[in-house]
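Residue numbers in the sequence shown follow the working numbering, run continuously in steps of one, and reach 466 at the last position.
Backbone N, C-alpha and C fix where the C-beta goes; we use that ideal spot for every residue, glycine too.
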Amino acid sequence: MSILTEPIGSIPRPVYLQQAMTAFAGGQIQQAELSTLFDKATQETIKELEATGSPVISDGEQSKPSFVTYPMQGFKHFAADGVVIPFADGHTRQLPKLTGGPFHYTTFANSYLQKARQYSSLPIKQAVISCSAMSLLYPQEGIDGYSRDQFLSDLVNDAVYDIRSCLDSSAYNVQIDFTEARLAIKLDPSKQLLAAFIDLNNQVLDHFTAEEQKKIGVHTCPGGDHDSTHSADIPYAELLPLLFKLHAGNFYMEYAAEKDKPSVLEAIKESLGSNQRIFLGVTDVLNPQVETAGQISDLILEAAEIIPISQLGTTDDCGFSPFGDDISTAREIAFAKIRARVEGTKLAEQILSK
């Protein structure tokens, strides 16, 4: 396709895996049994993604506990009372709080990529969590004997390796999940927090060459969990001038659920660099109604009037199940929406090529 199309990442876990994860948490099954079911779900998910016609796939994040917490599985020095992220429907997610150091990743995203490669020969993209999101683990009161500066140095090194190991294993590309970007403006309208996040993520990105940065992307959205968001009220016009200062080649943006699409396109046009590509979300992952190929094509054609085709791609608004316990979207709906995205992108490409 001359209009590239890619998934964001997560797919709802099958019921048997949801049940097994609950049983494991309750001590009713062992790790070996859960790992076998992780592999089964990953293989099934990849085959379903291949059947949608998607030219690029992911592993569906079947064995990730969440898109945020995979690097810290089993790390001992945590308390439960970390940063709380409130969602519009009233539910919250809470991060753990670091209580001692040094902090290092216990799991790297390359392990998921290596497993996915066993089940498909298609190009596989790999999602990683942003360094800025992980920085929220460090407590405001500090940690005796382990300064914030030392923590950030350790964190940047591991975040670089998280990306580097995926590229070295021939990932099609690597997507940094930066879903806290709009939330940062909501928490701090002065945008100093967002600027600090951008700077920290660029410290990671600057370890890569210009050619490598072309294979690294950044995903932004207003959060998507249990059919709710945490920062949809923050306009993209507030975010994009800073977001596009990230030293990455690809940007994956929630778009289908945006109410004022013309202003979003204008904001993109004003800030998008000549060497950057924008992947617009054309499926609303929080709406169970499956889009038609025609509806998706119309979205793309409208965008193509503002954004050069050479810099335009399509994606889904967000992952369909970024947290392992999120069952708000049916698995078959996720695959149907992905199939519609692929078909709608092809349709738009055919119309534009006439």
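Inset, instruction - Please work out which residues of its chain come closer than 6 Å, Cβ to Cβ, to Tyr348, disregarding the five sequence neighbours upstream and downstream, and give them in chain order. - result: Within the sequence shown, numbered from 1, the residue matching residue 348 stands at position 236. Cβ neighbours of Tyr348 beyond the five flanking positions: Val376, Ala379.
Inset, instruction - With DSSP as the reference, label Val268 as helix, strand or coil. - result: Reading the sequence shown from its first residue, position 156 is the one you call residue 268. DSSP places Val268 in helix when its eight states are reduced to three.
Inset, instruction - Just list the beta strand (DSSP E) runs in the segment 318-399, keeping only unbroken ones of 3 residues or longer that don't cross its boundaries, in chain order. - result: 328-332, 362-365, 389-393, all fully within the segment 318-399.
Inset, instruction - May I ask which residues mark the beginning and end of the beta strand (DSSP E) holding Leu502? - result: Because residue 502 is not part of the residues shown, which for the chain are 113 to 466, the question remains open.
Inset, instruction - Within the same chain, show all residues whose beta-carbon is closer than 7 Å to that of Arg260, passing over the 5 residues directly before and after it, in chain order. - result: Counted from its first residue, the sequence shown places residue 260 at position 148. For Arg260, where only same-chain residues beyond five positions count, the Cβ hits under 7 Å are Tyr250, Gly254.
Legend entry - Rounded distance between the beta-carbons of Lys449 and Asp428, thought under 8 Å: For the purposes of this step, residue 428 is taken as the residue at position 316 of the sequence shown. For the purposes of this step, residue 449 is taken as the residue at position 337 of the sequence shown. By a beta-carbon distance limit of 8 Å, Asp428 contacts Lys449. Their separation comes to about 7 Å.
Inset, instruction - Please go through the same chain and pick out, in chain order, the residues whose beta-carbon is closer than 7 Å to the beta-carbon of Ala415, but skip the five residues on each side of it. - result: Counted from its first residue, the sequence shown places residue 415 at position 303. Excluding residues within five positions, the ones whose Cβ falls inside 7 Å are Leu377, Leu392, Leu424.
Inset, instruction - Check whether the Cβ atoms of Val268 and Ile275 lie closer than 8 Å to each other. - result: As a working mapping, residue 268 is identified with position 156 in the sequence shown. As a working mapping, residue 275 is identified with position 163 in the sequence shown. Remark: C-beta atoms of Val268 and Ile275 do not approach each other more closely than 8 Å.
Inset, instruction - Below 6 Å CB to CB, which residues in the same chain sit around Arg294 once its five sequence neighbours on both sides are set aside? - result: In the sequence shown, residue 294 corresponds to position 182, counting from 1. Within the same chain, and ignoring the five residues on either side of Arg294 in sequence, the residues whose Cβ sits closer than 6 Å to its Cβ are Pro334, Ser343, Ile346, Leu351.
Inset, instruction - Using the DSSP secondary-structure output, state which residues sit across from Ala239 in a beta bridge. - result: Residue 239 sits at position 127 when you count from the first residue of the sequence shown. Answer is Gln287, bridged to Ala239.
Legend entry - When Thr321, Ala308, His338 are compared against Leu354, the one with the closest alpha-carbon: As a first step, residue 354 must be located in the sequence shown, where it is residue number 242. With distances taken between Cα atoms, Leu354 lies closest to Ala308.
Inset, instruction - Give the single residue among Ile158, Phe215, Thr211 whose Cα lies nearest to the Cα of Met184. - result: As a position in the sequence shown, residue 184 is number 72, starting the count at 1. Closest by alpha carbon: Phe215.
Legend entry - Leu358 to Thr426 span [Cα, whole Å]: If you number the sequence shown from 1, residue 358 lands on position 246. If you number the sequence shown from 1, residue 426 lands on position 314. Between Leu358 and Thr426, the C-alpha separation is close to 20 Å.
Inset, instruction - Determine contact between the segment 434-445 and the segment 171-184, defined as no fewer than three beta-carbon pairs at a distance below 8 Å. - result: Taking 8 Å as the limit for Cβ pairs, the verdict is that the segment 171-184 does touch the segment 434-445.
Inset, instruction - State the Cα-Cα distance for the pair Ile412 and His189, rounded to the nearest angstrom. - result: Locating residue 412 in the sequence shown gives position 300, counting from the first residue. Locating residue 189 in the sequence shown gives position 77, counting from the first residue. Going from the Cα of Ile412 to the Cα of His189 covers about 47 Å.
Inset, instruction - Following the continuous beta strand (DSSP E) through Arg125, name the residue where it begins and the one where it ends. - result: Mapped onto the sequence shown, residue 125 falls at position 13. Note, Arg125: premise wrong, no beta strand (DSSP E); not H, not E.
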